[in-house]
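Participant: Supplied in structure tokens, the structure appears directly below.
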Amino acid sequence: MSVFWSLVKLYVKSFYNLPGKKSPGTIAGSRPGLKPALKAVGVGALAILAVGNFAYLFVMLNLNLYQGLSMIGLQGLLVLNAAVMATMLTLVVGFMTALSTYFLNDMELQLLSMPIQPRALFAAKFVAVYISEAAFSLFFMTTAMVIFGLKEGPNPLFYLWGTLAALLLPLPALAACYMIQIPLLSLSRFLKNKRTIMIIAGVLGLVFGLAFNLYFQKMMPPVADPAARASAAAGPDSLVSRIGQAYPPALLAWRAMSDPVSPGALVAMLELVAACAIGPALAAFFLSGAYARSLVGFNESHVRKLSRSGAGAFIARRIRAGNPFLALVKREFDMMNREPMYLLNGPFIIILMPVIFGIMFVVQKDTLFSDPDLAGLRALFDGGLGAVIAGLAGAFLGSGTSIACTAVSRDAKALPFMKSLPVKPSSYMMAKLGHALAFGFFGSAIGVGLVAVAMRLGAGAVLSGGAVALSLSSLFNMLGLWLDTANPRLSWDNPIAAMKQNPNAVIAMLGAMALLGGSGWLSFRFSLGPGAFALWFGAVPAGAFAALLAAYPRYAEKRVAVMEG
Amino acid sequence: MLELSGISKTYAKSAVKAVDDLSITVKDGEIFGFLGPNGAGKTTTIKVLIGVLCADSGTARVDGIDIAADPLGAKRRIGYVTDNPELFARLKASEYLNFVGDIYGVDTATRQARVAEYASLFDIKDALGGSIGSFSHGMKQKLLVVASLLPDPQNWVLDEPMVGLDPRAAFALKETMRSRAAAGKTVFFSTHVMEVAEKLCDRLSIINKGRIVFTGTLEELKEMQGADGSLESLFLELVDEQAEAGA
Numbered sequence: 009m010s011v012f013w014s015l016v017k018l019y020v021k022s023f024y025n026l027p028g029k030k031s032p033g034t035i036a037g038s039r040p041g042l043k044p045a046l047k048a049v050g051v052g053a054l055a056i057l058a059v060g061n062f063a064y065l066f067v068m069l070n071l072n073l074y075q076g077l078s079m080i081g082l083q084g085l086l087v088l089n090a091a092v093m094a095t096m097l098t099l100v101v102g103f104m105t106a107l108s109t110y111f112l113n114d115m116e117l118q119l120l121s122m123p124i125q126p127r128a129l130f131a132a133k134f135v136a137v138y139i140s141e142a143a144f145s146l147f148f149m150t151t152a153m154v155i156f157g158l159k160e161g162p163n164p165l166f167y168l169w170g171t172l173a174a175l176l177l178p179l180p181a182l183a184a185c186y187m188i189q190i191p192l193l194s195l196s197r198f199l200k201n202k203r204t205i206m207i208i209a210g211v212l213g214l215v216f217g218l219a220f221n222l223y224f225q226k227m228m229p230p231v232a233d234p235a236a237r238a239s240a241a242a243g244p245d246s247l248v249s250r251i252g253q254a255y256p257p258a259l260l261a262w263r264a265m266s267d268p269v270s271p272g273a274l275v276a277m278l279e280l281v282a283a284c285a286i287g288p289a290l291a292a293f294f295l296s297g298a299y300a301r302s303l304v305g306f307n308e309s310h311v312r313k314l315s316r317s318g319a320g321a322f323i324a325r326r327i328r329a330g331n332p333f334l335a336l337v338k339r340e341f342d343m344m345n346r347e348p349m350y351l352l353n354g355p356f357i358i359i360l361m362p363v364i365f366g367i368m369f370v371v372q373k374d375t376l377f378s379d380p381d382l383a384g385l386r387a388l389f390d391g392g393l394g395a396v397i398a399g400l401a402g403a404f405l406g407s408g409t410s411i412a413c414t415a416v417s418r419d420a421k422a423l424p425f426m427k428s429l430p431v432k433p434s435s436y437m438m439a440k441l442g443h444a445l446a447f448g449f450f451g452s453a454i455g456v457g458l459v460a461v462a463m464r465l466g467a468g469a470v471l472s473g474g475a476v477a478l479s480l481s482s483l484f485n486m487l488g489l490w491l492d493t494a495n496p497r498l499s500w501d502n503p504i505a506a507m508k509q510n511p512n513a514v515i516a517m518l519g520a521m522a523l524l525g526g527s528g529w530l531s532f533r534f535s536l537g538p539g540a541f542a543l544w545f546g547a548v549p550a551g552a553f554a555a556l557l558a559a560y561p562r563y564a565e566k567r568v569a570v571m572e573g
Numbered sequence: 003m004l005e006l007s008g009i010s011k012t013y014a015k016s017a018v019k020a021v022d023d024l025s026i027t028v029k030d031g032e033i034f035g036f037l038g039p040n041g042a043g044k045t046t047t048i049k050v051l052i053g054v055l056c057a058d059s060g061t062a063r064v065d066g067i068d069i070a071a072d073p074l075g076a077k078r079r080i081g082y083v084t085d086n087p088e089l090f091a092r093l094k095a096s097e098y099l100n101f102v103g104d105i106y107g108v109d110t111a112t113r114q115a116r117v118a119e120y121a122s123l124f125d126i127k128d129a130l131g132g133s134i135g136s137f138s139h140g141m142k143q144k145l146l147v148v149a150s151l152l153p154d155p156q157n158w159v160l161d162e163p164m165v166g167l168d169p170r171a172a173f174a175l176k177e178t179m180r181s182r183a184a185a186g187k188t189v190f191f192s193t194h195v196m197e198v199a200e201k202l203c204d205r206l207s208i209i210n211k212g213r214i215v216f217t218g219t220l221e222e223l224k225e226m227q228g229a230d231g232s233l234e235s236l237f238l239e240l241v242d243e244q245a246e247a248g249a
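Right, dumping it as structure tokens:
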């Protein structure tokens, strides 16, 4: 295998945390048991659910656009919109991915010491990042192609050109990302720090998420005038159309797909191939050397030293005894909040989600208050439903931090050391629960507070909602911790894997959403009275939490004893 | 005193015993070296001894306390230096020391005195305010050593402690081992550095493929092998003999 392909294989395995082949040292004659099979089925179901969730969002977006544009005879612009959106999505997501994987870990320093051509090093990294971007672009374009295909029945070549375009469009976007990043990281010292670039990538991701949410909300029904709304978002005078017409690859993709059987379509596709290949070729040719040089000295850090007299004063001031359990809880806070990847995907959700819902509320406010079906809800809000909604929102925020459901996995590297300390495993694990419950409290308070302000709820509803939020979020956090105790992810190279690639986080998030959504619907459907409301949303989860809490320490003791992290 | 008796351990998903019917006793006031090739079972043995791994069979006792029956009681009597100092990179050195001090219940005055003493000895006193992530491998190793000494444990267990240490710190570590043994405390350490084991150990064990192939003094090893070479040559001879016998 060539150096380039060996590097591609290495990077792909490392990026996507792919499992290696079974080692020959595994137990002879062992056969696959029920547990791995069930796990595979579960992970598969989760993947389908997660992909289905995004597919639903993209389908709804494209469907609404199509319906709006077809009213004014401009449905062909759906394809241009898809090409532009696929490019923009891969540009922003690609920028974050390229930045966060610019320097993976110290393995890259090892690679620098090997006789590897900088071009092979850069090209391999580019290919590894491109794979996820291409999948993302294809996913988005496919939803648009399916909607357009079902409605308009184009020639099969439409799908071929669309698929090729989806695979080609991320190339110039990704090349542009590296053309910005390589000079930037070559010139600036402060950026050559994994932690700094993770924070920047995270903030960019949030800004992008909010912008996409804004765009998405504008496209979602119910709408007063779908045609006007679609035209404003994707019509000939819209920003997306203007970008598309000014951006040759999107324009070429649109041209090929608009009239797929004409000779012009083939010419447009050939032009698209050429246009998309130029960027990566230029980047590989001119920037590979700079890329390899920019990796030198990455993550360098210097120790802040104290003076001789300062060290003595420091010890007197900072070395102080404290409570052992609080020391365990403090360690949980520090280990999570000081790792940018964990902070942004965990506790920061408490801030991010209210902002996202705030945007939804502001964008949909007119529609919400003008909808005759929703106008009657005011009475229901005052009659108890407001407290339910506030409680569910608080519970969602309070349990959405993924602190509990990744607590053991995140700590995998420290597990042997922690087990060597004279600490009861149950105390160690209860500290993790304490950490999650503290954020559960903040999330509940923020969620309930925001809904209370938006719906102008009274003190009674706020208190009831707060109790519901605390009760439910505590239960969900307990269940999440139980899940990660039962099935932790103890083997990983990159801390991201412990959180973002942890099935427990997905199960906990989707499970909480399903339970909260289902409970909300039930309470709305059957107009629960105050007694039933208090029982179902307050007493039942609180009771379940208490029961699980009582049983957990013994379970944790048993599980930690057999964990071989 | 540390006692391992009939310890066997097979890892999940492995057909091979990492440690097979292993027995060692380390007396108070003794410096005990634990030697063996890579993958011989040294770290597994240490992990069983300190309660990180459960043995499939056999018992591990710390000052007479069975670690399986009373893990907290046994662990309180151990100071452990891991072979992997890549821990808690996000914490500051002082935070890590406070964490260990809190877990072992070391009061403020004692803690401050010991931190000042050992941080000076291992030359990291001026770095106590720094983040562990910014430390070199050697500095992290020194911090682990200092932290392990905070509770003044009766039994000091060190897994490859010399790796990454500069000559001055290595000397300080050896002197600390000697002074602790002289004070009646137990020192148990694994190493690949034969010169260190030769000069420092009162007794030693050699492990190969999960089995103890020798336990005793250097003189007893020489006697057994019928040769008068260095520990290094005796070690290689013994391990090669085992390999040939197993082949």
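Chains as they are written, first to last, in this note's numbering: chain A, 9 to 573; chain B, 3 to 249. Backbone N, C-alpha and C fix where the C-beta goes; we use that ideal spot for every residue, glycine too.
Under 9 Å Cβ-Cβ, which residues of chain A neighbour B/Glu97?
Facilitator: Near B/Glu97 (Cβ distances below 9 Å), the residues of chain A are Arg326, Lys338, Arg339, Asp342.
Participant: From B/Ile17 to B/Lys11, what does the alpha carbon distance come to, in whole angstroms?
Facilitator: Strictly speaking, residue 17 of chain B in this sequence is Ala, with Ile absent from that position. Going from the Cα of B/Ala17 to the Cα of B/Lys11 covers about 11 Å.
Participant: Go to B/Asp161, then tell me how far its beta strand (DSSP E) extends in each direction, as first and last residue.
Facilitator: 157-161 is the span of the beta strand (DSSP E), which, as asked, contains B/Asp161.
Participant: Have a look at A/Phe553 and A/Pro355 and give me their C-alpha separation to the nearest angstrom.
Facilitator: A/Phe553 and A/Pro355: Cα-Cα distance of roughly 21 Å.
Participant: Between which two residues does the beta strand (DSSP E) carrying B/Phe36 extend?
Facilitator: Unbroken beta strand (DSSP E) run through B/Phe36: 33-37.
Participant: Give the residues of chain B in contact with A/Phe322, contact being defined as C-beta atoms less than 8 Å apart.
Facilitator: Neighbours of A/Phe322 on chain B, chain order: Ser96, Leu130, Gly131.
Participant: Suppose the cutoff is 6 Å on Cβ atoms and the five residues either side in sequence are ignored; what does the same chain contact list for B/Val28 look like?
Facilitator: So the qualifying residues of the chain are Leu4, Phe34, Thr188, Phe190.
Participant: So which residues of chain B does A/His310 contact, with C-beta pairs closer than 7 Å?
Facilitator: In chain order: Ser136.
Participant: Tell me which residue opens and which closes the alpha helix (DSSP H) that A/Glu340 is part of.
Facilitator: From DSSP, the alpha helix (DSSP H) with A/Glu340 extends over 332-345.
Participant: Using a beta-carbon distance cut-off of less than 8 Å, what residues from the region 106-123 of chain B approach chain A?
Facilitator: Going along the region 106-123 of chain B in chain order, one finds Tyr106, Gly107, Val108, Asp109, Thr110, Arg113, Gln114, Val117, Ala118, Ala121 with a Cβ nearer than 8 Å to chain A.
Participant: Since B/Leu206 is in the beta strand (DSSP E), which residue starts that stretch and which ends it?
Facilitator: Element bounds for B/Leu206: 205-210.
Participant: Taking only beta-carbon atoms, is B/Thr61 less than 8 Å away from chain A?
Facilitator: Judged by the 8 Å Cβ criterion, B/Thr61 is not in contact with chain A.
Participant: Over the uninterrupted beta strand (DSSP E) stretch that includes B/Ile2, give me the two end residues.
Facilitator: This structure cannot settle anything about residue 2 of chain B, because the visible part of chain B is limited to 3 through 249.
Participant: Of the choices A/Ala261, A/Met277, A/Gly519, A/Asn510, whose alpha-carbon is the least far from that of A/Ala91?
Facilitator: Looking at the Cα atoms, A/Ala261 is the closest of the given residues.
Participant: Taking Cβ-Cβ distances shorter than 7 Å, what residues in chain A pair up with B/Ile52?
Facilitator: Neighbours of B/Ile52 on chain A, chain order: Ser428.
Participant: Counting pairs of beta carbons, one from the region 195-203 of chain A and one from the region 298-311 of chain A, are three or more of them closer than 8 Å?
Facilitator: Taking 8 Å as the limit for Cβ pairs, the verdict is that the region 298-311 of chain A does touch the region 195-203 of chain A.
Participant: Excluding sequence positions up to five away, which residues of its chain have a Cβ less than 7 Å from the Cβ of A/Gln253?
Facilitator: Closer than 7 Å at Cβ, skipping near neighbours: Leu259.
Participant: Just mark A/Glu141 as buried or exposed, buried being the case when its beta carbon has 16 or more other beta carbons within 10 Å.
Facilitator: Burial call: buried.
Participant: Between which two residues does the alpha helix (DSSP H) carrying B/Glu5 extend?
Facilitator: Note, B/Glu5: premise wrong, no alpha helix (DSSP H); beta strand (DSSP E) at 4-12.
Participant: Closest by CA to A/Val16, which one among A/Tyr64, A/Ile124, A/Val49?
Facilitator: Answer by Cα proximity: A/Ile124.
Participant: Would you identify the three-state DSSP class for B/Ile26, choosing helix, strand or coil?
Facilitator: Three-state DSSP puts B/Ile26 in a strand.
Participant: Output needed in chain order: residues of the region 64-93 of chain B with a Cβ under 7 Å from some Cβ in chain E.
Facilitator: As a matter of chain content, chain E is missing from the structure shown, whose protein chains are A and B.
Participant: If distances are taken between C-alpha atoms only, which option among B/Met196, B/Thr46, B/Leu152, B/Glu177 comes closest to B/Arg78?
Facilitator: Among B/Met196, B/Thr46, B/Leu152, B/Glu177, the Cα nearest to that of B/Arg78 belongs to B/Leu152.
Participant: Look up B/Lys94 in the DSSP assignment and give the residues it is bridged to.
Facilitator: DSSP lists B/Ser133 as partners of B/Lys94.
Participant: In angstroms, rounded to a whole number, what distance separates the CA positions of A/Leu18 and A/Ile208?
Facilitator: So the alpha carbons of these two residues sit roughly 26 Å apart.
Participant: Whole angstroms is fine: what's the gap from A/Leu77's alpha carbon to A/Gly84's?
Facilitator: If you take the alpha carbons of A/Leu77 and A/Gly84, they lie about 8 Å apart.
Participant: Do you know offhand how far B/Ser192's Cα is from B/Phe137's?
Facilitator: Cα-Cα distance, rounded: 24 Å.
Participant: Run through the DSSP bridge pairs and tell me what B/Lys19 is partnered with.
Facilitator: Bridge partners of B/Lys19: B/Thr12.
Participant: Based on Cα-Cα distance, which residue from B/Ser122, B/Arg63, B/Asp85, B/Pro73 lies nearest to B/Arg170?
Facilitator: That would be B/Ser122, whose Cα lies nearest to the Cα of B/Arg170.
Participant: Please classify B/Ala229: does DSSP put it in a helix, a strand, or coil?
Facilitator: Of the three classes helix, strand and coil, the one that applies to B/Ala229 here is coil, per DSSP.
Participant: Going along the region 170-184 of chain B in order, which residues come within less than 8 Å of chain A, judged by CB to CB distance?
Facilitator: So the list is empty, because no residue satisfies the distance condition.
Participant: Based on Cα-Cα distance, which residue from A/Ala520, A/Leu543, A/Val570 lies nearest to A/Gly406?
Facilitator: Answer by Cα proximity: A/Ala520.
Participant: Quick check on B/Lys49: buried or exposed, where buried means 16 or more other Cβ atoms within 10 Å of its Cβ?
Facilitator: Buried, because 16 or more other Cβ atoms sit within 10 Å of the Cβ of B/Lys49.
Participant: Is A/Ala439 close to chain B? Criterion is C-beta to C-beta, closer than 8 Å.
Facilitator: No, A/Ala439 lies away from the interface with chain B (no Cβ there is under 8 Å from its Cβ).
Participant: How is the beta strand (DSSP E) around B/Thr61 delimited, first residue to last?
Facilitator: Residues 59-64.
Participant: Tell me, to the nearest whole angstrom, how far the beta carbon of A/Asp176 is from that of A/Leu146; I am working on the premise that it is less than 8 Å.
Facilitator: Sequence check: residue 176 of chain A is Leu here, not Asp. 11 Å between Cβ atoms; not a contact.
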